[in-house]
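Structure first, then comments.
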Amino acid sequence: GVALGLAVGVLAPQPARAITAEQFSQLTYAQVKGSGLANRCPTVESNGTSIQVKPGARMTNMCFEPKSFAVEAETDGGKKEFVTTKLMTRQTYTLAFIDGPLTTNPITFKEEDGMDHQPTT
Numbered sequence: 026g027v028a029l030g031l032a033v034g035v036l037a038p039q040p041a042r043a044i045t046a047e048q049f050s051q052l053t054y055a056q057v058k059g060s061g062l063a064n065r066c067p068t069v070e071s072n073g074t075s076i077q078v079k080p081g082a083r084m085t086n087m088c089f090e091p092k093s094f095a096v097e098a099e100t101d102g103g104k105k106e107f108v109t110t111k112l113m114t115r116q117t118y119t120l121a122f123i124d125g126p127l128t129t130n131p132i133t134f135k136e137e138d139g140m141d142h143q144p145t146t
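FYI, the numbering for the sequence shown is 26 to 146, going by this note's numbering.
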């Protein structure tokens, strides 16, 4: 029993790790297939704490990947609150390839294109 449990723990698929866009672009289809990486947003390696936005700038290939999920639930007494839950569908929850112009003062982003919705239940 213990050996079987240990073997399953060692052989079970591991969660996909963070990866940069440059690293992802170097992988083959076979390396991505079944790894969990196809639905991950690349990480951003930053140097500094701010980015200067110049007039006419565009945000391209923006990607959002939630790290947790919550639903609004009614508790005792009719009060509503958000409760952490687990995803019940396949892992198809990232919003990717979002593109659009940035304006300054105040900084504003207007989405023009991209995979901007995913059904999640």
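Glycine residues also receive a C-beta, built at the ideal position from the N, C-alpha and C atoms.
In the three-state reduction of the DSSP assignment, A98 falls in the strand class. Contact check between the region 72-87 and the region 118-133: three or more CB pairs, one atom from each, fall below 8 Å, which counts as touching. Between P80 and I44, the C-beta gap is not smaller than 8 Å, which leaves the two residues out of contact. For A121, no alpha helix (DSSP H) encloses it; the enclosing beta strand (DSSP E) starts and ends at L120 to T128. As computed with DSSP, T74 is found in no beta bridge at all.
The beta-bridge partner set that DSSP reports for R83 consists of P126. Distances from the CA of C88 to each of Y118, F107 and Q51 were compared; the closest alpha carbon is that of Y118. Judged by DSSP in its simplified three-state form, E106 adopts strand.
Cβ contact annotation for E136 (same chain, cutoff 8 Å, sequence separation greater than five): I123, D124 and G125, in chain order.
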